[in-house]
Structure formats: structure tokens, C-alpha cells
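Colleague: The number in the working numbering is simply the position in the sequence shown, starting from 1, with 105 added. Beta carbons: idealized from backbone N, C-alpha and C, even for Gly. Below is one structure. I have some questions about it.
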Amino acid sequence: MRDSKTTIGGSTTRDRHDPYCQDAGPNGDFTIPQRWDCYTSQEHARWDFLFNRQVELLGSRAASAFLEGVDLLRLADPGIPDFDRLSDVLEARTGWRIVAVPGLIPEHAFFDHLAHRRFPAGDFIRSAGQLDYLQEPDVFHDVFGHVPMLANPVFADYMQAYGQGGLRAIGLNAIDRLSRLYWYTVEFGLVREAGGHRIFGAGIVSSYGETLFAFDNPSPNRIGFDMARVMRTRYRIDDYQPTYFVVDSFEDMLRQTQDTDFAPLYERLSNMQDIAVDATLYKDRVITHGTQSHVQKAAV
Numbered sequence: 106m107r108d109s110k111t112t113i114g115g116s117t118t119r120d121r122h123d124p125y126c127q128d129a130g131p132n133g134d135f136t137i138p139q140r141w142d143c144y145t146s147q148e149h150a151r152w153d154f155l156f157n158r159q160v161e162l163l164g165s166r167a168a169s170a171f172l173e174g175v176d177l178l179r180l181a182d183p184g185i186p187d188f189d190r191l192s193d194v195l196e197a198r199t200g201w202r203i204v205a206v207p208g209l210i211p212e213h214a215f216f217d218h219l220a221h222r223r224f225p226a227g228d229f230i231r232s233a234g235q236l237d238y239l240q241e242p243d244v245f246h247d248v249f250g251h252v253p254m255l256a257n258p259v260f261a262d263y264m265q266a267y268g269q270g271g272l273r274a275i276g277l278n279a280i281d282r283l284s285r286l287y288w289y290t291v292e293f294g295l296v297r298e299a300g301g302h303r304i305f306g307a308g309i310v311s312s313y314g315e316t317l318f319a320f321d322n323p324s325p326n327r328i329g330f331d332m333a334r335v336m337r338t339r340y341r342i343d344d345y346q347p348t349y350f351v352v353d354s355f356e357d358m359l360r361q362t363q364d365t366d367f368a369p370l371y372e373r374l375s376n377m378q379d380i381a382v383d384a385t386l387y388k389d390r391v392i393t394h395g396t397q398s399h400v401q402k403a404a405v
């Protein structure tokens, strides 16, 4: 565990009096320079605090591929990582690079980056008052949450396949369906491992509260992964997930993605009703039938 010797408070922005560190407009592909040397000591300390808090939780809860990626990329080194350094390591292993973006970017640009093995990561870090929740993904969510899995060759291929599928889905008017696949795998996925399930989704591993909820809490359903089922299932953006899907392996997840003809699948799903976020079906491979106590408590 790292030792943070500076306060996690202070400004969330860089020195706007230094022209080099002032915000510039994005390039045509919505990328910007990271300008790593413009981060403040408070921002680096904030990353260290979040990192230390998460790795303490994840040792027995995160997928081995995620933990191996953390080690390979030396994310335990103090401070916000330099994207160029991470990219050099990743490119040698799986052909991926990290590109800085100012925040959320348009769908086409996002899918195009993934399809060409570029992962767009926010260059800013959350404020001291947003350590447990923020609406827009920051550098901690994007780099700590997503990038370690890109060091896994199978998952790296899955992410590229998703980007290619996203570009096709735009033309098929099926982004809503495909976004559910991303949500329930890349962001909030679990994987069978070590006789149980382990976390790999970035939205879980980068969140202290959701790590405990997704792994330990009896409230959520945990259901075996099925492509069509996932694409019919709604999700929550304002609370912990009532349902998580568990992939048998990353190899199987990639195989299903590559073997699926998505155009007829989208057409078939367009004639089917959505599935409630907390529902279980008789055809489901239910691994954990959740109590849904969290949902019920929140409704009171």
C-alpha cells in the first residue's frame, strides 16, 4: 500500500495561470493532451487515497486478470499514472493505448477509439467531496477501473470487438441494446473464478460501496451470462445494481460476441419486452437469488 503524505483536499483544477496547463479544445477525435506534469499534489494524493482504499478491498474479490493488470501496469506507484507510460506497457502486451479525453465523448468517436485499440480516459480527477460518487467517469474510474483488464489479451480482444460492434449498431439503430451489454460486462460484470464469482467490471472495482455490495451483499441477483437476456435487461444509473451477470470465462464472453450475428438478434429483440432490472426468469441460470432488500429499503 502506498503512503500519501499530502492532503486529499484542495483545488480540483490545474493552475489556470500557467498557459501550458490551460484547457484547450479537443482534437477532431475528441482527444486532448494529458499534461501529466500539471496535476497538483492534492490531485495525486486523491488518487493515492482512492487506490489504497480499493486495493485493500479487492484482494479476495477481484478477478485474477484485474489484479495481474494492476501489477503489470505498476499502478501501485504513487500518483496519477502517466498515460504514455501505461500505453507503452499495454501496447507491447495487447496493442492498446490510452488517450486522454475531457469527459464523455460522442458515441461514434468512443466506438471508433475502441475499434482501433485506443481507450479514451478522462484526464480529470474527482473532487475531495466526490470520493464515493460522481456522475461523470474520471481518471480513477477510467484508469484504475478499466485499464488493468486491457492487459488481458482475451479481454482486450473483447473490447475491440465491442467497439467494432458499436460502429455497426449505430447504423442499425441499436445502441440502446448494445449499451446494456457494455453495462453488464465491462462496467458491472462478474466472472466465475476460484469456485465462486469475482469482480471485473470497472464500475464495481473503482467503487468502494459497490465492491462490497456486488460481492458480499445478499440483496442482488447474480445470473449466468446470456447475450440476449442481457440486452433485454434494464439497468440502474442512480444506485447499486439489483442484478449482476456472471460470465463463465472471458474466453466464452469473447466467443459469444464473435459468434453472434447481431443484426437478426437486434430485430428479434425489438419485438420483445424489456426485463425489469430486479427480475429473474424461469430460464435464467440463477447463481444467487437476491433478497432485493436494498431495492425494497430504497423504495420506502
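(1) Where residue 177 and residue 326 are concerned, what is the direct C-alpha to C-alpha distance, given to the nearest angstrom?
(2) In chain order, what residues of the same chain lie with their CB nearer than 6 Å to the CB of residue 251, ignoring the 5 residues before and after it?
(3) For a test of the three-state rule: what should DSSP assign to residue 349, helix, strand or coil?
(4) Give the single residue among 151, 357 and 163 whose Cα lies nearest to the Cα of residue 83.
(5) Taking the C-alpha atoms as reference points, what is the distance between residue 183 and residue 260?
(6) Are three or more beta carbon pairs between the region 219 to 229 and the region 196 to 209 nearer than 8 Å?
(7) Once you ignore the five residues that flank residue 392 on each side, which residues in its own chain have a CB closer than 8 Å to its CB?
(8) Mapping DSSP to helix, strand and coil, what is residue 200?
(9) Here's a check: name, in chain order, each residue in its chain whose Cβ is nearer than 7 Å to the Cβ of residue 335, leaving out the five neighbours to either side.
(10) Note down the Cα distance separating residue 399 from residue 337, rounded to an integer number of angstroms.
(11) Look up residue 161 in the DSSP assignment and say whether it is helix, strand or coil.
(12) Do you know offhand how far residue 402's Cα is from residue 396's?
(13) Leaving aside the five residues before and after residue 377 along the sequence, list all residues of the same chain whose C-beta is less than 8 Å from its C-beta, in chain order.
(14) Secondary structure at residue 399, three-state DSSP: helix, strand or coil?
(15) Taking the alpha carbon of residue 253 as the point to measure from, which residue in 152, 384, 217 and 192 has its own alpha carbon closest?
(16) Does residue 225 come out as helix, strand or coil in the three-state DSSP assignment?
(17) In this structure, what does DSSP give as the bridge partners for residue 303?
(18) Would residue 229 and residue 268 qualify as a contact pair, given that the criterion is a beta-carbon distance under 9 Å?
Modeller: Answer, in terms of the structure:
(1) Sequence index remark: in the sequence shown, residue 177 carries index 72 (1-based). Sequence index remark: in the sequence shown, residue 326 carries index 221 (1-based). Taking the straight line joining both Cα atoms gives about 33 Å.
(2) Position 146 of the sequence shown holds residue 251. Counting only Cβ-Cβ distances below 6 Å, and skipping sequence neighbours, we find 307.
(3) As a first step, residue 349 must be located in the sequence shown, where it is residue number 244. Strand at residue 349.
(4) The requested residue 83 does not occur in the structure, where the chain is confined to residues 106 to 405.
(5) For the purposes of this step, residue 183 is taken as residue 78 along the sequence shown, with counting starting at 1. For the purposes of this step, residue 260 is taken as residue 155 along the sequence shown, with counting starting at 1. Residue 183 and residue 260: Cα-Cα distance of roughly 26 Å.
(6) Touching, yes.
(7) Locating residue 392 in the sequence shown gives position 287, counting from the first residue. Closer than 8 Å at Cβ, skipping near neighbours: 302, 327, 328, 329 and 351.
(8) On the sequence shown, position 95 is the one that residue 200 refers to. Correct three-state label for residue 200: coil.
(9) Start at 1 with the first residue of the sequence shown, and residue 335 comes out as number 230. The answer, listed in chain order, is 285, 286, 289 and 350.
(10) Within the sequence shown, the letter at position 294 stands for residue 399. Within the sequence shown, the letter at position 232 stands for residue 337. For residue 399 and residue 337, the distance between alpha carbons rounds to 22 Å.
(11) Within the sequence shown, the letter at position 56 stands for residue 161. Reduced to three states, the DSSP call for residue 161 is helix.
(12) What you label residue 402 is simply residue 297 of the sequence shown in a count that begins at 1. What you label residue 396 is simply residue 291 of the sequence shown in a count that begins at 1. Taking the straight line from one Cα to the other gives about 11 Å.
(13) Against the sequence shown, residue 377 aligns to sequence position 272. So the qualifying residues of the chain are 337.
(14) For the purposes of this step, residue 399 is taken as residue 294 along the sequence shown, with counting starting at 1. Residue 399 falls in the helix class under three-state DSSP.
(15) Walking along the sequence shown from the start, residue 253 turns up at place 148. Among 152, 384, 217 and 192, the Cα nearest to that of residue 253 belongs to 192.
(16) As a working mapping, residue 225 is identified with position 120 in the sequence shown. Reduced to three states, the DSSP call for residue 225 is strand.
(17) As a position in the sequence shown, residue 303 is number 198, starting the count at 1. DSSP output for residue 303 lists 296 as bridge partner(s).
(18) Residue mapping note: residue 229 aligns to position 124 of the sequence shown, counting from 1. Residue mapping note: residue 268 aligns to position 163 of the sequence shown, counting from 1. Not closer than 9 Å, so no.
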